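Each protein sequence line maps, in turn, to chains S and C.
Going by my numbering, the first sequence opens with residue 5, and the numbers climb by one from there.
Going by my numbering, the second sequence opens with residue 911, and the numbers climb by one from there.
By construction, the Cβ of each residue, glycine as well, lies at the ideal position given by its N, Cα and C atoms.
Since the structure is predicted, the reported quantities are computational estimates derived from the model, not experimental observations.
Following: one structure in structure tokens, then a few remarks.
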Amino acid sequence: SGSKGKGNPFLVPGATVATIAMLGALHARRMYSDKKIEEARESGIEPELQPDVKVLNSVFHLLSYFEPRRKELPVWVRPYAHRAWARAFHSNLEEVGLPLKEYASLKDFAIRRLKDGARPINSDPHTLMSPVDGTVLRVGELKEGVMIEQVKGFSYSVSSLLGARSLLPLMAPPAHEDTSCQQENKLSSKSWWRISLASPKLREEPSSPPSPMKGLFYCVIYLTPGNYHRIHSPVDWNVLVRRHFSGRLYPLHSRAIRTIKNLYVENERVVLEGRWQEGYMAMAAVGATNIGSIELFIEPGLRTNLPRKKLVQSEAPQERVYEPQVMLKKGDEVGAFNMG
Amino acid sequence: STVVLVFQAPTTSPSSEFSFCVEKGDKIQMGEALGR
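Here it is as structure tokens:
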């Protein structure tokens with residue numbers, strides 16, 4: 005080895021210089037990307053977690069099938085298991101509908117009913133009530149662009165959330181644009197849905213009373229694992245279409261919202277569309293890692309979060325038109341987020 | 911999990927204009943008014 009080393013006097017110094025140069029380049033690159041992240045954070049944009057989608061996705065799906073939560077527990081264990089769950093996720097045991105030993109598994113406990121009267125329904129016919137327990141993440145009116153902000157610096161489109169074939173009413177372009185031809189060629193078979201936000205010239209004839217201008221509003225509510233997980237009807241409305249998007253099961257907690265883009269349009273979700281007294285109404289139930297399956301009491305046969313042979317890009321959503329329409333009263337149970 | 915509502919409501923009209931009675935960060939229970 006000694007003689008070999010003597011054979012090439014430049015080997016060791018060359019390798020040393022190359023190594024130092026490479027380390028220097030890596031360090032410079034790291035400093036550059038840190039500076040970029042710092043600048044982004046200063047402007048309020050969280051660095052995006054570059055998820056290795058396939059790995060993450062399979063892990064999250066496997067988690068959602070995690071057996072023990074669906075296992076039937078021995079009767080004597082149940083109160084301890086459910087109390088532990090309640091303590092971990094701050095559930096209110098005072099409101100639970102049945103004695104704890106009646107819930108055979110954690111899955112049953114997660115979808116528990118509450119005691120009668122625990123959630124009085126706001127009876128004012130002019131109010132729209134919350135369909136679930138949770139925390140309000142976003143509320144607002146959709147102006148020109150139908151985009152909902154996920155986090156500062158990133159928004160997703162409502163049509164991606166609800167589906168390309170959504171009945172979402174057209175947002176008429178701003179009044180200054182000539183909308184006559186656009187209106188004709190845009191009105192399609194669902195014209196009864198195409199409610200143009202009437203610009204002055206499109207307003208109805210003076211003879212009929214001016215119909216109120218309509219806006220599109222949205223509200224995003226996040227449920228923590230300990231929340232009551234049944235979904236109720238926010239108003240009296242008729243449901244016309246159900247759309248199920250089999251998708252990913254990224255977590256939906258605040259850290260994930262800040263770092264994984266497109267969460268709401270990537271995750272498994274079920275969308276209901278219909279109409280209420282003021283026009284269009286849609287409700288999207290978006291699943292997450294520990295809550296993989298979304299049950300619809302109005303369509304008990306629906307199964308979500310089915311094991312897939314391989315990770316496929318989210319296929320086109322499965323759609324079902326309800327005929328006759330499903331009529332829901334304000335406060336009716338519609339479905340639930342469940343484990344598994 | 912998360913629920914997203916998207917709905918039409920009056921913006922400017924003689925009788926009523928929809929407005930939310932909750933704002934970002936509020937905790938809410940099922941059955942409580944979101945807006946009117």
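- Rounded to whole angstroms, the separation of the alpha carbons of S/Arg33 and S/Leu332 is 58 Å.
- Put simply, the CB of S/Leu256 is near chain C, with a gap under 8 Å to one of its CB atoms.
- Boundaries for S/Tyr254: no beta strand (DSSP E) harbours it, and the DSSP string shows neither H nor E there.
- Judged by DSSP in its simplified three-state form, S/Ile225 adopts strand.
- Residue nearest to S/Pro83 within the set S/His94, S/Glu106, S/Gly28 and S/Leu166 is S/Glu106 (criterion: CA-CA distance).
- Under the three-state reduction of DSSP, C/Thr912 is assigned to strand.
- The C-alpha of C/Ile938 lies about 10 Å from the C-alpha of S/Met133.
- Spatial neighbours of S/Leu165 in its own chain (CB-CB distance under 7 Å, excluding positions within 5 residues in sequence) are listed in chain order as Tyr268, Val269 and Ala288.
- Under the Cβ distance rule, S/Asn126 counts among the residues neighbouring chain C, one pair being separated by less than 8 Å.
- Excluding its 5 nearest sequence neighbours in each direction, C/Gly945 has C-beta neighbours in its own chain below 8 Å: Ala919, Phe928, Ser929, Phe930, Cys931 and Val932, listed in chain order.
- Judged by DSSP secondary structure, S/Trp241 falls within the beta strand (DSSP E) whose first and last residues are Trp241 to Phe249.
- Under the 8 Å Cβ criterion, the region 257-264 of chain S does not count as touching the region 303-313 of chain S, having fewer than three qualifying pairs.
- Of the candidates S/Thr293, S/Gly219 and S/Ile235, S/Ile235 places its Cα closest to the Cα of S/Leu276.
- Pairing S/Val143 with C/Lys934 gives a Cβ-Cβ distance under 8 Å.
- In terms of Cβ geometry, C/Thr922 and S/Leu227 do not form a close pair [threshold 8 Å].
- Listed in chain order, the positions of the region 100-130 of chain S with a beta carbon within less than 8 Å of a beta carbon of chain C are Arg123, Pro124, Ile125, Asn126, Asp128 and His130.
- By the criterion of at least three beta-carbon pairs nearer than 8 Å, the region 136-153 of chain S is in contact with the region 229-243 of chain S.
- Restricted to the region 92-150 of chain S, the alpha helix (DSSP H) segments that are unbroken, complete and at least 4 residues in length are 110-114, listed in chain order.
- Between the region 247-254 of chain S and the region 318-330 of chain S there are three or more C-beta pairs closer than 8 Å, enough to call the two in contact.
- If you draw a 10 Å sphere on the C-beta of S/His86, you find 16 or more other C-beta atoms in it, and that means buried.
- The residue among S/Ala114, S/Thr131, S/Lys111 and S/Glu99 with its C-alpha nearest the C-alpha of S/Ala122 is S/Glu99.
- The beta carbons of S/Thr308 and S/Pro255 sit no closer together than 8 Å.
- Annotated three-state conformation of S/Ser159 is strand, per DSSP.
- Note: S/Ile235 is bridge-paired with S/Gly339 in the DSSP secondary-structure output.
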